Amino acid sequence: MSRDLDPSESIQQKKRLEEKRRQALPAQTLLTQRNLAEQMKITEREIEERKSLIGFSDSDAKALRECKEYIIKNIDRIITEFYDDQQTIRAVELIIGDAETFNRLHASMKNYVIELFDGYYDLAYVEKRLRIGKVHKRIGVSPKLYISALVRLEALLHREVLVAVKQENNCTQCDQKRDSLHKLLMFDVQLVFDTYINSMIAEISSARDEIEIYAESLEATVAERTAQLQELSSRDALTGLLNQRSFYNILRREISRAEKNRGPLSLVYFDLNKFKSLNDTQGHKAGDELLALVGKNTRDSVRDFDISFRYGGDEFVIIMPDTLLGAAVTVCNQMASNFDKLKNQGVTFSIGVHQMGPDRYTDMDTFVKAADAYMYQAKAESKKFPGHYVRYEGFVKEEGN
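So the sequence shown is numbered by my numbering: it starts at 26 and just counts up by one.
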(Lines of atoms letter the chains of each structure in order from A; the text may use other names.)
(Lines give C-alpha, C1' and ligand atoms only; values in the text may rest on other atoms or scores of the structure.)
Protein backbone atom coordinates (compact mmCIF):
# COMPACT_ATOMS: atom_id res chain seq x y z
CA MET A 26 0.00 0.00 0.00
CA SER A 27 1.46 3.37 -0.95
CA ARG A 28 1.68 6.45 1.19
CA ASP A 29 -0.31 9.51 0.11
CA LEU A 30 0.09 13.13 1.19
CA ASP A 31 2.27 13.65 4.25
CA PRO A 32 0.25 15.11 7.17
CA SER A 33 3.24 15.01 9.53
CA GLU A 34 3.77 18.78 9.54
CA SER A 35 0.23 19.42 10.81
CA ILE A 36 0.51 16.63 13.41
CA GLN A 37 3.81 17.97 14.71
CA GLN A 38 2.34 21.45 15.07
CA LYS A 39 -0.54 20.09 17.18
CA LYS A 40 1.82 18.12 19.43
CA ARG A 41 3.99 21.18 20.05
CA LEU A 42 0.93 23.26 20.84
CA GLU A 43 -0.45 20.72 23.35
CA GLU A 44 2.92 20.50 25.11
CA LYS A 45 3.15 24.26 25.44
CA ARG A 46 -0.32 24.50 26.91
CA ARG A 47 0.49 21.84 29.51
CA GLN A 48 3.66 23.53 30.65
CA ALA A 49 2.58 27.16 30.08
CA LEU A 50 6.11 27.67 28.73
CA PRO A 51 7.70 26.79 25.39
CA ALA A 52 8.53 23.10 25.18
CA GLN A 53 12.27 22.53 25.51
CA THR A 54 13.40 19.96 22.95
CA LEU A 55 16.88 18.67 22.18
CA LEU A 56 18.41 20.80 19.42
CA THR A 57 19.20 17.66 17.41
CA GLN A 58 15.47 16.89 17.24
CA ARG A 59 14.65 20.19 15.53
CA ASN A 60 15.91 21.67 12.29
CA LEU A 61 17.49 25.13 12.17
CA ALA A 62 14.33 26.86 11.00
CA GLU A 63 12.40 25.42 13.95
CA GLN A 64 15.15 26.38 16.40
CA MET A 65 15.10 29.95 15.11
CA LYS A 66 11.31 30.01 14.89
CA ILE A 67 11.26 30.76 11.17
CA THR A 68 7.85 29.76 9.80
CA GLU A 69 6.23 30.08 6.37
CA ARG A 70 4.57 33.26 7.59
CA GLU A 71 7.93 34.69 8.69
CA ILE A 72 9.44 33.85 5.31
CA GLU A 73 6.67 35.68 3.44
CA GLU A 74 7.12 38.70 5.71
CA ARG A 75 10.85 38.81 5.01
CA LYS A 76 10.23 38.64 1.26
CA SER A 77 7.67 41.41 1.53
CA LEU A 78 10.05 43.67 3.45
CA ILE A 79 12.66 43.51 0.68
CA GLY A 80 10.05 43.66 -2.10
CA PHE A 81 10.67 40.14 -3.40
CA SER A 82 7.54 38.95 -5.24
CA ASP A 83 6.35 36.16 -7.54
CA SER A 84 7.46 38.23 -10.53
CA ASP A 85 11.02 38.21 -9.16
CA ALA A 86 10.89 34.42 -8.78
CA LYS A 87 9.64 34.12 -12.38
CA ALA A 88 12.37 36.44 -13.66
CA LEU A 89 15.08 34.34 -12.02
CA ARG A 90 13.64 31.02 -13.21
CA GLU A 91 13.73 32.29 -16.79
CA CYS A 92 17.53 32.37 -16.49
CA LYS A 93 17.85 28.84 -15.07
CA GLU A 94 18.40 26.99 -18.33
CA TYR A 95 21.24 29.31 -19.34
CA ILE A 96 22.83 29.15 -15.88
CA ILE A 97 22.74 25.32 -15.82
CA LYS A 98 24.36 25.14 -19.25
CA ASN A 99 27.20 27.38 -18.07
CA ILE A 100 27.39 26.38 -14.40
CA ASP A 101 30.81 24.70 -14.56
CA ARG A 102 32.40 27.75 -16.15
CA ILE A 103 30.68 30.11 -13.69
CA ILE A 104 31.80 28.20 -10.60
CA THR A 105 35.33 27.72 -11.92
CA GLU A 106 35.63 31.46 -12.54
CA PHE A 107 34.25 32.22 -9.07
CA TYR A 108 36.76 29.98 -7.29
CA ASP A 109 39.64 31.12 -9.49
CA ASP A 110 38.91 34.57 -8.12
CA GLN A 111 38.39 33.42 -4.52
CA GLN A 112 41.68 31.52 -4.41
CA THR A 113 43.57 34.76 -4.99
CA ILE A 114 42.49 35.77 -1.47
CA ARG A 115 44.98 34.28 0.99
CA ALA A 116 42.48 34.04 3.87
CA VAL A 117 40.03 32.11 1.69
CA GLU A 118 42.74 29.77 0.45
CA LEU A 119 43.72 28.96 4.06
CA ILE A 120 40.11 28.19 4.99
CA ILE A 121 39.67 25.85 2.01
CA GLY A 122 42.88 24.11 2.95
CA ASP A 123 43.01 21.06 0.67
CA ALA A 124 41.87 19.60 -2.66
CA GLU A 125 39.16 17.39 -1.15
CA THR A 126 37.55 20.34 0.62
CA PHE A 127 37.86 22.43 -2.54
CA ASN A 128 36.08 19.78 -4.65
CA ARG A 129 33.32 19.46 -2.07
CA LEU A 130 32.85 23.25 -1.94
CA HIS A 131 32.87 23.39 -5.75
CA ALA A 132 29.99 20.87 -5.93
CA SER A 133 28.05 22.62 -3.16
CA MET A 134 28.48 25.99 -4.86
CA LYS A 135 27.03 24.60 -8.10
CA ASN A 136 23.90 23.53 -6.24
CA TYR A 137 23.73 26.88 -4.45
CA VAL A 138 23.82 28.90 -7.68
CA ILE A 139 21.32 26.65 -9.47
CA GLU A 140 18.92 26.98 -6.51
CA LEU A 141 19.11 30.77 -6.84
CA PHE A 142 17.38 30.40 -10.21
CA ASP A 143 15.06 27.52 -9.25
CA GLY A 144 11.99 29.70 -8.61
CA TYR A 145 11.16 28.06 -5.25
CA TYR A 146 12.01 30.10 -2.16
CA ASP A 147 10.11 28.33 0.59
CA LEU A 148 10.88 26.65 3.92
CA ALA A 149 13.10 24.00 2.29
CA TYR A 150 15.12 26.75 0.57
CA VAL A 151 15.45 28.68 3.84
CA GLU A 152 16.63 25.58 5.73
CA LYS A 153 19.46 25.11 3.21
CA ARG A 154 20.52 28.76 3.55
CA LEU A 155 20.55 28.49 7.34
CA ARG A 156 22.76 25.41 7.09
CA ILE A 157 25.14 27.39 4.86
CA GLY A 158 25.40 30.04 7.57
CA LYS A 159 26.04 27.39 10.21
CA VAL A 160 28.77 25.73 8.14
CA HIS A 161 30.41 29.09 7.38
CA LYS A 162 30.46 29.94 11.07
CA ARG A 163 31.83 26.50 11.98
CA ILE A 164 34.75 26.61 9.52
CA GLY A 165 35.65 30.18 10.44
CA VAL A 166 34.41 32.24 7.50
CA SER A 167 34.16 35.76 8.87
CA PRO A 168 31.30 38.09 7.84
CA LYS A 169 33.73 40.26 5.87
CA LEU A 170 34.90 37.27 3.80
CA TYR A 171 31.32 36.09 3.27
CA ILE A 172 30.18 39.54 2.09
CA SER A 173 33.26 39.86 -0.11
CA ALA A 174 32.51 36.52 -1.78
CA LEU A 175 28.84 37.42 -2.21
CA VAL A 176 29.68 40.76 -3.85
CA ARG A 177 32.00 39.02 -6.30
CA LEU A 178 29.44 36.28 -6.98
CA GLU A 179 26.71 38.85 -7.58
CA ALA A 180 28.89 40.74 -10.06
CA LEU A 181 29.65 37.49 -11.87
CA LEU A 182 25.99 36.44 -12.01
CA HIS A 183 24.90 39.93 -13.10
CA ARG A 184 27.19 39.53 -16.09
CA GLU A 185 25.74 36.09 -16.86
CA VAL A 186 22.17 37.41 -16.60
CA LEU A 187 23.08 40.18 -19.05
CA VAL A 188 24.41 37.60 -21.51
CA ALA A 189 21.31 35.44 -21.03
CA VAL A 190 18.95 38.21 -22.16
CA LYS A 191 21.16 40.17 -24.54
CA GLN A 192 19.56 38.64 -27.65
CA GLU A 193 16.23 40.21 -26.64
CA ASN A 194 17.82 43.67 -26.50
CA ASN A 195 15.55 44.52 -23.58
CA CYS A 196 17.36 46.67 -21.01
CA THR A 197 14.28 46.87 -18.80
CA GLN A 198 14.09 43.09 -18.57
CA CYS A 199 17.81 42.86 -17.87
CA ASP A 200 17.53 45.43 -15.08
CA GLN A 201 14.58 43.56 -13.59
CA LYS A 202 16.45 40.26 -13.52
CA ARG A 203 19.50 41.84 -11.93
CA ASP A 204 17.29 43.58 -9.37
CA SER A 205 15.52 40.29 -8.61
CA LEU A 206 18.85 38.54 -8.11
CA HIS A 207 20.07 41.30 -5.80
CA LYS A 208 16.94 41.05 -3.65
CA LEU A 209 17.25 37.27 -3.39
CA LEU A 210 20.91 37.51 -2.38
CA MET A 211 19.94 40.02 0.30
CA PHE A 212 17.29 37.54 1.46
CA ASP A 213 20.07 34.95 1.72
CA VAL A 214 22.28 37.37 3.65
CA GLN A 215 19.53 37.80 6.25
CA LEU A 216 19.35 34.06 6.79
CA VAL A 217 23.09 33.47 6.89
CA PHE A 218 23.64 36.32 9.33
CA ASP A 219 20.81 35.04 11.51
CA THR A 220 22.85 31.90 12.10
CA TYR A 221 25.93 33.97 12.90
CA ILE A 222 24.01 36.02 15.46
CA ASN A 223 21.65 33.39 16.87
CA SER A 224 23.93 30.54 17.98
CA MET A 225 21.46 29.72 20.72
CA ILE A 226 17.73 30.18 21.00
CA ALA A 227 16.98 33.35 22.96
CA GLU A 228 14.59 33.46 25.87
CA ILE A 229 11.24 34.91 25.00
CA SER A 230 8.72 36.66 27.18
CA SER A 231 5.48 35.05 28.31
CA ALA A 232 3.50 37.57 26.27
CA ARG A 233 5.43 36.60 23.12
CA ASP A 234 4.84 32.96 24.01
CA GLU A 235 1.07 33.43 24.23
CA ILE A 236 1.01 35.10 20.83
CA GLU A 237 3.09 32.27 19.38
CA ILE A 238 0.78 29.63 20.84
CA TYR A 239 -2.21 31.37 19.30
CA ALA A 240 -0.43 31.72 15.95
CA GLU A 241 0.61 28.04 15.97
CA SER A 242 -2.96 27.04 16.78
CA LEU A 243 -4.23 28.95 13.77
CA GLU A 244 -1.40 27.64 11.61
CA ALA A 245 -2.13 24.04 12.62
CA THR A 246 -5.82 24.48 11.84
CA VAL A 247 -5.07 26.04 8.46
CA ALA A 248 -2.53 23.29 7.69
CA GLU A 249 -5.07 20.59 8.51
CA ARG A 250 -7.79 22.17 6.36
CA THR A 251 -5.30 22.75 3.56
CA ALA A 252 -4.23 19.10 3.69
CA GLN A 253 -7.87 18.03 3.37
CA LEU A 254 -8.36 20.26 0.32
CA GLN A 255 -5.09 19.02 -1.20
CA GLU A 256 -6.25 15.43 -0.80
CA LEU A 257 -9.42 16.19 -2.75
CA SER A 258 -7.62 18.02 -5.56
CA SER A 259 -4.53 15.84 -5.84
CA ARG A 260 -5.98 12.39 -6.62
CA ASP A 261 -6.60 10.84 -10.04
CA ALA A 262 -10.20 9.60 -9.98
CA LEU A 263 -9.65 6.77 -12.46
CA THR A 264 -6.64 5.03 -10.87
CA GLY A 265 -6.95 6.15 -7.26
CA LEU A 266 -3.31 7.32 -7.39
CA LEU A 267 -2.08 10.84 -6.78
CA ASN A 268 -1.96 13.03 -9.87
CA GLN A 269 0.75 15.02 -11.65
CA ARG A 270 -0.34 18.22 -9.93
CA SER A 271 0.87 16.90 -6.58
CA PHE A 272 3.88 14.99 -7.92
CA TYR A 273 6.40 17.81 -8.14
CA ASN A 274 5.55 19.30 -4.75
CA ILE A 275 5.94 15.92 -3.05
CA LEU A 276 9.10 15.09 -5.01
CA ARG A 277 10.70 18.40 -3.95
CA ARG A 278 9.79 17.60 -0.34
CA GLU A 279 11.31 14.11 -0.52
CA ILE A 280 14.49 15.33 -2.23
CA SER A 281 14.94 17.96 0.48
CA ARG A 282 14.30 15.35 3.19
CA ALA A 283 16.75 12.86 1.65
CA GLU A 284 19.45 15.52 1.28
CA LYS A 285 18.95 16.68 4.86
CA ASN A 286 19.19 13.11 6.23
CA ARG A 287 21.95 12.11 3.75
CA GLY A 288 19.83 9.16 2.63
CA PRO A 289 19.01 7.55 -0.73
CA LEU A 290 15.90 8.30 -2.79
CA SER A 291 14.72 6.26 -5.78
CA LEU A 292 12.30 7.25 -8.54
CA VAL A 293 10.40 4.79 -10.74
CA TYR A 294 8.99 5.98 -14.09
CA PHE A 295 6.96 3.49 -16.11
CA ASP A 296 4.47 3.37 -18.94
CA LEU A 297 2.29 0.71 -20.53
CA ASN A 298 3.20 -1.32 -23.61
CA LYS A 299 0.37 -2.07 -26.09
CA PHE A 300 -2.02 0.26 -24.27
CA LYS A 301 -2.71 2.37 -27.38
CA SER A 302 -3.53 -0.79 -29.34
CA LEU A 303 -5.98 -1.83 -26.62
CA ASN A 304 -7.66 1.58 -26.76
CA ASP A 305 -7.90 1.50 -30.54
CA THR A 306 -9.30 -2.03 -30.82
CA GLN A 307 -11.52 -2.33 -27.73
CA GLY A 308 -12.41 1.29 -27.03
CA HIS A 309 -11.79 3.81 -24.27
CA LYS A 310 -13.91 1.92 -21.75
CA ALA A 311 -11.55 -1.04 -21.92
CA GLY A 312 -8.63 1.37 -21.68
CA ASP A 313 -10.07 3.03 -18.59
CA GLU A 314 -10.65 -0.35 -16.96
CA LEU A 315 -7.06 -1.31 -17.66
CA LEU A 316 -5.77 1.97 -16.15
CA ALA A 317 -7.86 1.37 -13.04
CA LEU A 318 -6.35 -2.12 -12.82
CA VAL A 319 -2.84 -0.66 -13.09
CA GLY A 320 -3.65 1.77 -10.28
CA LYS A 321 -4.88 -1.01 -7.98
CA ASN A 322 -1.94 -3.26 -8.81
CA THR A 323 0.50 -0.42 -8.11
CA ARG A 324 -1.08 0.40 -4.73
CA ASP A 325 -1.09 -3.28 -3.74
CA SER A 326 2.49 -3.92 -4.87
CA VAL A 327 4.45 -1.01 -3.41
CA ARG A 328 5.40 -0.54 0.23
CA ASP A 329 3.58 1.54 2.84
CA PHE A 330 6.00 4.47 2.56
CA ASP A 331 6.19 4.58 -1.26
CA ILE A 332 4.18 7.30 -3.03
CA SER A 333 2.50 6.46 -6.36
CA PHE A 334 1.22 8.81 -9.07
CA ARG A 335 -0.48 8.70 -12.42
CA TYR A 336 1.78 11.11 -14.29
CA GLY A 337 -0.51 11.39 -17.30
CA GLY A 338 -2.03 9.17 -19.99
CA ASP A 339 -0.47 5.74 -19.55
CA GLU A 340 2.60 7.00 -17.64
CA PHE A 341 3.11 6.45 -13.90
CA VAL A 342 5.75 7.37 -11.32
CA ILE A 343 6.60 6.06 -7.87
CA ILE A 344 8.69 7.96 -5.30
CA MET A 345 10.57 5.54 -3.03
CA PRO A 346 12.03 7.33 0.02
CA ASP A 347 15.10 5.93 1.78
CA THR A 348 15.42 3.25 -0.92
CA LEU A 349 18.53 2.03 -2.73
CA LEU A 350 18.40 1.11 -6.42
CA GLY A 351 18.44 -2.65 -5.83
CA ALA A 352 15.46 -2.55 -3.48
CA ALA A 353 13.54 -0.33 -5.91
CA VAL A 354 14.17 -2.75 -8.78
CA THR A 355 12.95 -5.65 -6.61
CA VAL A 356 9.66 -3.82 -5.95
CA CYS A 357 9.28 -3.12 -9.69
CA ASN A 358 9.81 -6.76 -10.60
CA GLN A 359 7.24 -7.83 -8.02
CA MET A 360 4.79 -5.23 -9.34
CA ALA A 361 5.20 -6.60 -12.88
CA SER A 362 4.82 -10.19 -11.65
CA ASN A 363 1.62 -9.31 -9.78
CA PHE A 364 0.22 -7.62 -12.89
CA ASP A 365 0.75 -10.78 -14.94
CA LYS A 366 -1.67 -12.59 -12.62
CA LEU A 367 -4.47 -10.15 -13.49
CA LYS A 368 -6.61 -9.74 -16.61
CA ASN A 369 -4.11 -7.36 -18.12
CA GLN A 370 -5.11 -7.78 -21.81
CA GLY A 371 -1.49 -8.50 -22.72
CA VAL A 372 -0.34 -5.07 -21.53
CA THR A 373 3.16 -4.93 -19.99
CA PHE A 374 5.39 -2.35 -18.28
CA SER A 375 8.45 -0.44 -19.50
CA ILE A 376 10.11 0.69 -16.27
CA GLY A 377 12.98 3.11 -15.64
CA VAL A 378 14.54 3.44 -12.18
CA HIS A 379 17.01 6.05 -10.92
CA GLN A 380 18.56 6.65 -7.49
CA MET A 381 20.05 9.81 -6.00
CA GLY A 382 21.98 10.02 -2.74
CA PRO A 383 23.45 9.38 -0.33
CA ASP A 384 26.69 10.54 -1.98
CA ARG A 385 25.36 12.88 -4.67
CA TYR A 386 22.15 14.84 -5.18
CA THR A 387 20.80 16.55 -8.29
CA ASP A 388 18.02 19.01 -8.98
CA MET A 389 14.46 17.75 -9.43
CA ASP A 390 14.28 18.10 -13.23
CA THR A 391 17.50 16.15 -13.74
CA PHE A 392 16.25 13.39 -11.43
CA VAL A 393 12.98 12.96 -13.35
CA LYS A 394 14.68 13.09 -16.76
CA ALA A 395 17.12 10.35 -15.71
CA ALA A 396 14.32 7.96 -14.68
CA ASP A 397 12.42 8.87 -17.87
CA ALA A 398 15.50 8.10 -19.99
CA TYR A 399 15.83 4.63 -18.45
CA MET A 400 12.13 4.06 -19.11
CA TYR A 401 12.71 4.79 -22.81
CA GLN A 402 15.56 2.27 -22.81
CA ALA A 403 13.11 -0.32 -21.49
CA LYS A 404 10.55 0.81 -24.07
CA ALA A 405 13.02 0.18 -26.87
CA GLU A 406 13.52 -3.40 -25.65
CA SER A 407 9.76 -4.02 -25.42
CA LYS A 408 9.40 -3.16 -29.11
CA LYS A 409 11.81 -5.99 -29.98
CA PHE A 410 10.31 -8.69 -27.75
CA PRO A 411 7.04 -8.41 -25.77
CA GLY A 412 7.24 -8.44 -21.98
CA HIS A 413 8.11 -6.39 -18.91
CA TYR A 414 11.44 -4.54 -18.93
CA VAL A 415 13.25 -2.68 -16.12
CA ARG A 416 16.24 -0.48 -16.92
CA TYR A 417 18.51 1.50 -14.61
CA GLU A 418 22.11 2.70 -14.21
CA GLY A 419 24.52 -0.23 -14.29
CA PHE A 420 22.01 -2.64 -15.84
CA VAL A 421 23.72 -5.62 -17.47
CA LYS A 422 21.64 -7.34 -20.13
CA GLU A 423 21.34 -11.11 -19.74
CA GLU A 424 19.93 -13.66 -22.19
CA GLY A 425 16.14 -13.50 -22.19
CA ASN A 426 15.93 -10.09 -20.36
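The beta carbon of each residue, even a glycine, is placed where N, CA and C say it ideally should be. Small disclaimer: the values here were computed from a predicted structure and weren't measured.
Per DSSP, the beta bridge partners of Phe295 are Phe341, Ile376. Under the three-pair Cβ rule at 8 Å, the segment 141-158 counts as touching the segment 213-220. Note on geometry: alpha-carbon atoms of Gln269 and Ala189 lie some 30 Å from one another. Of Leu367, Gly351, Met389, the smallest CA-CA separation from Arg416 is found for Gly351. Around the Cβ of Leu315, a 10 Å sphere holds 16 or more other Cβ atoms; the residue is buried.
Distances from the CA of Phe272 to each of Val342, Ser326, Asn363 were compared; the closest alpha carbon is that of Val342. Linking Glu185 to Leu267 through their CA atoms gives a straight-line distance of about 39 Å. Boundaries for Tyr145: no beta strand (DSSP E) harbours it, and the DSSP string shows neither H nor E there.
Classified as buried, Ser326 has 16 or more neighbouring CB atoms from the shown chains inside 10 Å of its CB. Of Leu182, Val151, His183, Tyr108, the smallest CA-CA separation from Asp219 is found for Val151. When C-alpha distances from Ser362 are compared across Phe392, Pro346, Ile332, Val319, the shortest belongs to Val319. Each of Ala317, Asp347, Thr348, Leu349 was checked against the Cα of Phe334, and the nearest Cα belongs to Ala317.
In this structure, the CA atom of Gln112 is about 10 Å from the CA atom of Ile120.
Non-local beta-carbon contacts of Leu206 in its own chain, meaning distances under 8 Å to residues more than five positions away in sequence, involve Leu89, Leu141, Glu179, Leu182, His183, Val186 in chain order.
In this structure, Pro383 is the residue among Arg250, Asn136, Pro383 with its C-alpha nearest to the C-alpha of Asn286. Under the 8 Å Cβ criterion, the segment 302-312 does not count as touching the segment 387-403, having fewer than three qualifying pairs.
In this chain, the alpha helix (DSSP H) harbouring Tyr401 covers 389-409.
Within the DSSP secondary-structure output, Tyr417 pairs in a beta bridge with Val378. Setting aside the 5 residues that flank it on each side, Asp347 is surrounded in the same chain by Gly288, each with a C-beta closer than 6 Å to its C-beta; the list follows chain order. Judged by beta-carbon spacing, Ser291 lies beyond the 8 Å limit of Met360, meaning their Cβ atoms are not closer than that value. In the three-state scheme derived from DSSP, where H, G and I count as helix and E and B as strand, Ser259 is classed as coil. Val217 has its alpha-carbon roughly 6 Å from the corresponding atom of Leu155. For Gly320, the uninterrupted alpha helix (DSSP H) run begins and ends at 309-326, by DSSP.
Around the beta carbon of Thr264, 16 or more other beta carbons lie within 10 angstroms, which makes this residue buried.
In this chain, the alpha helix (DSSP H) harbouring Ser271 covers 269-286. The beta carbon of Ile275 sits closer than 7 Å to those of Ile332, Ile344, all from its chain and outside the five residues before and after it, given in chain order. Ranked by how close their Cα comes to the Cα of Leu130, the residues Arg277, Ile104, Leu148, Lys153 have Ile104 in first place. With a cutoff of 8 Å on beta-carbon distance, Asp329 and Met400 are scored as not near each other. If you look at Arg59, you'll find it isn't in any alpha helix (DSSP H); DSSP assigns it neither H nor E.
Under the rule that a run must span 3 or more residues, no beta strand (DSSP E) segment is found entirely inside the segment 88-133. No Cβ-Cβ contact shorter than 8 Å links Ile72 with Asp123.
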